[in-house]
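Numbering of the sequence shown is given in our numbering, commencing with residue 1225 and proceeding in unit increments. Where is the CB? At the ideal position from N, CA and C, for every residue including glycine. No experiment lies behind these values; they were computed from the predicted model shown.
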Amino acid sequence: MQATRSVGIVLLLGIGLLLGCAATQRGMDATLGVVLDPAYKMERVAPDSPFPGVNGATVGSDGHLYVTHTGNGTITRIDLATLKPSVFVPAHAGVFIPDDIAADDKGNLYVTGTTPLVGEVYRIDKNGVKTIIASGMAAPNGIEYNPRNGRLFVTECFQGNRIYEVDPAGRKPARLLVDKDVVPVPEGFGFDPDTNDLIVPDMGSGKILRIHPDTGAIAPIAEKFSAPIALTVGPDKMAYIPELGGAVYKMALDGTRREKIAQLVPGLDNVAMTPKGRLFVTSYWDATVFEVTTDGSGRFERLFANGPNQPVGIVAKADSLLVADAIMVRNLEAGVYQPTKLNAWASHGMPLPLSLADGPGNQVVWTDCIHGAVALGDPAGGQFQGLAGELKLPMAALMSTAGTELYVAEYGAGRISAIKLADGTPAELATDLQGPLALALIGERLYVAEAKAGRISAVDLRTGRKEVLLSALVGKPGALANDGQGRLLVLDGAGQKLLRIDPQTLAVSVVAAHLPIAYGTVGSYPPVEFALPMTVDRQGNVWLTTAERGMLKLKKVP
1225 MQATRSVGIV LLLGIGLLLG CAATQRGMDA TLGVVLDPAY KMERVAPDSP
1275 FPGVNGATVG SDGHLYVTHT GNGTITRIDL ATLKPSVFVP AHAGVFIPDD
1325 IAADDKGNLY VTGTTPLVGE VYRIDKNGVK TIIASGMAAP NGIEYNPRNG
1375 RLFVTECFQG NRIYEVDPAG RKPARLLVDK DVVPVPEGFG FDPDTNDLIV
1425 PDMGSGKILR IHPDTGAIAP IAEKFSAPIA LTVGPDKMAY IPELGGAVYK
1475 MALDGTRREK IAQLVPGLDN VAMTPKGRLF VTSYWDATVF EVTTDGSGRF
1525 ERLFANGPNQ PVGIVAKADS LLVADAIMVR NLEAGVYQPT KLNAWASHGM
1575 PLPLSLADGP GNQVVWTDCI HGAVALGDPA GGQFQGLAGE LKLPMAALMS
1625 TAGTELYVAE YGAGRISAIK LADGTPAELA TDLQGPLALA LIGERLYVAE
1675 AKAGRISAVD LRTGRKEVLL SALVGKPGAL ANDGQGRLLV LDGAGQKLLR
1725 IDPQTLAVSV VAAHLPIAYG TVGSYPPVEF ALPMTVDRQG NVWLTTAERG
1775 MLKLKKVP
C-alpha cells in the first residue's frame, strides 16, 4: 500500500510539471511561473529590479565600469558609452559575497569575498572565471591594485580590521601590513601616484590616513569626515571620498584642501573614476549607481532605478508586507520597497536582518548568521534588542503559538533551539539535523527543512522527538509555511516549484511550477545556504520574492 502511494506521488508531480511545460508553451507569462492549483491565482505585486544592492566599483582596462553585488554573488559590467549593464560574473560562478573590486592593466579584476563566511580574495580573468589568490581572512573588504608597481593590497572591515598585501598571482601568502584594529575600520582606498602610499579612509574614526606600503607606518592626512566609506584617487591627483550619509568630497592628497562636491542619498558604498575624470558612486541601500560632476556644481545623475538588496526574508503582518534584505527591514507599499526604521547600517549594534519572522505585537524577529545572533525589533519605531548570541549559523526563527519563545534553526550546529522571549534563555529542542534552514508550525509539530539532505523532518513539541516526514521530492527546500488549513507548503529552490503536503495523508501536489526563484550556497569550504523568502497572510495568500527581487502573490481564490 505504501509503495502504491509513493508511485502515485511521483506520477502526480510528473503530470504537474508536464502541465506546467504545456502551459508555458501556450504563452503564459514565464516571469510568473505556472499555477497548477485552481485555488490560487498568481499576481505580480512588485517588479524586478536591476541590481541586488551595489557595492564595489572599478573601471576595467577595457573602459567598462564593473560593480559588485554582495547580495547574490554577481558582478555587473556597465558599458559607459551606452550605460547598458550585463552580467559578467553570474551567481553560480563561486564568487561569494563580493564586496570591493579592483582592476589591473592586463584585463584582470580582483575582488574581495567578505565576512567570516567567506574570507577570500579572487582574481577574475577576462572570461569571468575566478581563481582564489588568498583565503582565511576575517572580512576582506577594500582592495586596490597599483599599476605603477604591480602591487595589490586588501583591507579588512569590521572584523579583523587588518591591512594585507596580496600576491596578484596567488603564489605567495598574504603579507600583514597593519595589524588587527590598529585602524578601527579601514575601508576602500587608493594610492598616491607620486609616493605609492596607500590613502585609506577610516570609517571608524573619520580620518583619512597615509600608510607606507612597505613599513605600514601610518600618518593622518585629514579628519572629521563622517563615516567615509571609500576613496579613489583621480587623474587630477585628488582624492574623491563618499560618506555613508551621502556626501561626496574632493580632497588634496596632503589634506590642505577639501571641497564637498555633491550631496547624494544615505547608504553610499564605493567610488570609481575613469582616466578622463568621470566619477561614479555606488549605493548599497538603494541598489543604484550615480554619476557625479566634479566641478563643484553639485550636479549628479542616478543611472539606474532604485531597488532593495537581495531579499532574505518576508513576513505578512497586519496589513503590511515586511521584507528583510540584509541591510534593513523594508515595507512593500504600492509595489515599492520603502525603508522602515530598522536599519542595521544606520543603528549601531543592530544585528543584520538576514531572515525575518513575525514577532509579538508590532515587532518582528530575525537572525544574523554572520554574528550568530537573533534579535527582536519594531519596524515603525526602530527600537531593537538582541535576544541571544553565540549561536551557530542561525538561519531562521519562528515564534511559538503561545508567543513566549522562538524556535531557531542553527544550520552550523544542525539543531533547533528554543529561546525564551522574556530573557533569551536557550534550550535545545532537536539535534542531528542536516542543515536546518526553514521552519513551519502546524499544531504541535514543528516542521524543519533540511537543506543538506533535501528533506523535511517533523519535531513533536511535546516530546522533542523528531522523524523524517518527506525523504525525497524536494531538491532544495528553501522555505516552509502553514497554508492556513493545516497543510505544509514547501518552496523548492532547485526544482523552482511550490509543493503542498498533507501531513496526515502525505498527499503531495504541485501548487506552482517554473517559478522565477533560485537558491545558492555561500562560501567555499564549508558552505552555508540561505532560506528563500516566503510567507502566508491571514487570508491564505502566499507571497514570495523572485530571484531578481520582484514580489509575487499567489492569491487565494474564493
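Item	Value
According to DSSP, residue 1609 sits in a beta bridge with which residue or residues?	1600
Which partner residues does residue 1364 have in the DSSP bridge list?	1380
Which residues mark the beginning and the end of the beta strand (DSSP E) in which residue 1173 is found?	What is shown of the chain runs 1225 to 1782, which leaves residue 1173 out entirely.
So residue 1267 is in the beta strand (DSSP E); what residue range does that whole segment cover?	1264 to 1270
In chain order, what residues of the same chain lie with their CB nearer than 6 angstroms to the CB of residue 1223, ignoring the 5 residues before and after it?	A query on residue 1223 cannot be resolved here, the shown segment of the chain reaching from 1225 to 1782 and no further.
Between which residues of its own chain and residue 1689 is the CB-CB distance below 8 angstroms, once the five residues before and five after are set aside?	1683
Does the segment 1652 to 1666 come close enough to the segment 1633 to 1641 to have 3 or more Cβ pairs within less than 8 angstroms?	yes
Need the endpoints of the beta strand (DSSP E) that residue 1692 sits in, please.	1690 to 1694
Between the alpha carbons of residue 1348 and residue 1669, how many angstroms are there, rounded?	47 angstroms
Please check the pair residue 1615 and residue 1596, which I expect to be a contact at CB under 8 angstroms, by giving their CB distance rounded to whole angstroms.	5 angstroms
Cα separation between residue 1647 and residue 1545?	28 angstroms
Does residue 1668 come out as helix, strand or coil in the three-state DSSP assignment?	coil
Could you name the residues of the same chain whose beta carbon sits closer than 6 angstroms to that of residue 1329, not counting the 5 residues immediately before and after it, in chain order?	1285 and 1371
Can you tell me which of the three DSSP states residue 1635 falls into?	coil
Quick one, are the C-beta atoms of residue 1354 and residue 1311 less than 8 angstroms apart?	no
Which residue from 1621, 1297, 1567 and 1438 puts its Cα closest to that of residue 1589?	1621
For residue 1552, which beta-bridge partners are listed by DSSP?	1567
Secondary structure at residue 1533, three-state DSSP: helix, strand or coil?	coil
Quick check: the Cα distance between residue 1360 and residue 1386, rounded to an integer number of angstroms?	13 angstroms
For residue 1498, which residues from the same chain have a beta carbon less than 6 angstroms from its beta carbon, with the 5 sequence-adjacent residues on both sides left out?	1283
Below 8 angstroms, how does it come out for the segment 1499 to 1514 and the segment 1746 to 1764: are there three or more Cβ pairs, yes or no?	no
Could you tell me how far apart the beta carbons of residue 1618 and residue 1649 are, in whole angstroms, since I believe they sit closer than 8 angstroms?	Actually they do not touch by this definition, with Cβ atoms about 16 angstroms apart.
Pick out whichever of 1573, 1631, 1272 and 1264 has its Cα sitting closest to the Cα of residue 1580.	1631
For residue 1542 versus residue 1575, is the C-beta spacing smaller than 8 angstroms?	no
With H, G and I counted as helix, E and B as strand and the rest as coil, what does DSSP make of residue 1401?	strand
Do residue 1377 and residue 1363 have their beta-carbon atoms positioned less than 8 angstroms apart in this structure?	no
Tell me which residue opens and which closes the beta strand (DSSP E) that residue 1517 is part of.	Per DSSP, residue 1517 belongs to no beta strand (DSSP E) and is neither H nor E.
Which residues share a DSSP beta bridge with residue 1674?	1660 and 1679
Can you tell me where the beta strand (DSSP E) with residue 1591 in it begins and where it stops?	1588 to 1592
Can residue 1392 and residue 1367 be called in contact, C-beta distance under 8 angstroms?	no
Which two residues bound the contiguous beta strand (DSSP E) that contains residue 1759?	1758 to 1760
Is the distance from the Cβ of residue 1299 to the Cβ of residue 1306 below 8 angstroms?	no
Using only CA atoms, which one of 1332, 1665, 1346 and 1333 lies nearest to residue 1321?	1346
Does the segment 1254 to 1273 come into contact with the segment 1558 to 1565, if we say contact requires no fewer than three beta-carbon pairs (one atom in each stretch) closer than 8 angstroms?	yes
Assuming residue 1427 contacts residue 1451 under a Cβ cut-off of 8 angstroms, what Cβ separation, rounded to an integer in Å, is found between them?	5 angstroms
For residue 1344, name the three-state secondary structure that DSSP assigns.	strand
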